[in-house]
Amino acid sequence: MARISLSTKDILQKQFKRSFRGFDIEEVDAFLDLIIRDYDTFQKEISFLQAENERLLTKVDELSRQATVSKTNRSSNVSSSGVTNFDILKRLSNLEKHVFDSKLEEDSYSSPSQDVAEDDDDFYKTRVITPVRDNNY
Numbered sequence: 001m002a003r004i005s006l007s008t009k010d011i012l013q014k015q016f017k018r019s020f021r022g023f024d025i026e027e028v029d030a031f032l033d034l035i036i037r038d039y040d041t042f043q044k045e046i047s048f049l050q051a052e053n054e055r056l057l058t059k060v061d062e063l064s065r066q067a068t069v070s071k072t073n074r075s076s077n078v079s080s081s082g083v084t085n086f087d088i089l090k091r092l093s094n095l096e097k098h099v100f101d102s103k104l105e106e107d108s109y110s111s112p113s114q115d116v117a118e119d120d121d122d123f124y125k126t127r128v129i130t131p132v133r134d135n136n137y
């Protein structure tokens, strides 16, 4: 940041030498008063902006940390739930296979005159196809 040469106090306390054909003292004082007010305004604005900048930098750091934590949690949840969902589908498939296989065996023993094609259609309609993992994707 550029260094400021004058402060409001320096401007206020500045004494000019008087010469025979010098400037109007009241006009110089009025102009310097205007400059002092501007300096005060600029100093307040700089202080406000520096505080705002610090607040925003702190907020950016906090949000970055939250995003990192959220991303880590999300990736761990996805990987664990993916395994869990696959295991559930596998168990469901095994259970259906066991239930429907035993039902087919009971049906074939109890009524041999039933149409086998209808039983096959019902069996395939209720089957859940388990996903196949393809590591090429």
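Numbering (this note's numbering), first residue to last: 1 to 137.
From the three backbone atoms N, C-alpha and C, an ideal C-beta is built for every residue, glycine too.
Predicted, not measured: the structure shown is a model, and the values here were computed from it.
Would you mind giving the Cβ-Cβ distance between residue i and residue j, rounded to the nearest angstrom? I have them listed as a contact below 8 Å.
i     : j     : result
Ile11 : Ile35 : 6 Å
Between which two residues does the alpha helix (DSSP H) holding residue i run?
i     : result
Asp10 : 8-13
Identify, in the order they occur along the chain, each residue of the same chain with its Cβ nearer than 7 Å to the Cβ of residue i, setting aside the five sequence neighbours on each side.
i      : result
Tyr137 : In this predicted model, Tyr137 has a pLDDT of only 49, less than 50, meaning its place in the structure is not dependable enough to derive any value.
What separation, rounded to the nearest whole angstrom, lies between the Cα atoms of residue i and residue j?
i      : j     : result
Val28  : Ser47 : 28 Å
Arg37  : Leu63 : 39 Å
Asn85  : Glu96 : 16 Å
Lys90  : Arg74 : 24 Å
Gln13  : Glu26 : 15 Å
Ala67  : Ser93 : 38 Å
Glu105 : Lys71 : 51 Å
Meets three-Cβ-pair contact criterion under 8 Å: the segment 34-51 and the segment 7-23:
yes
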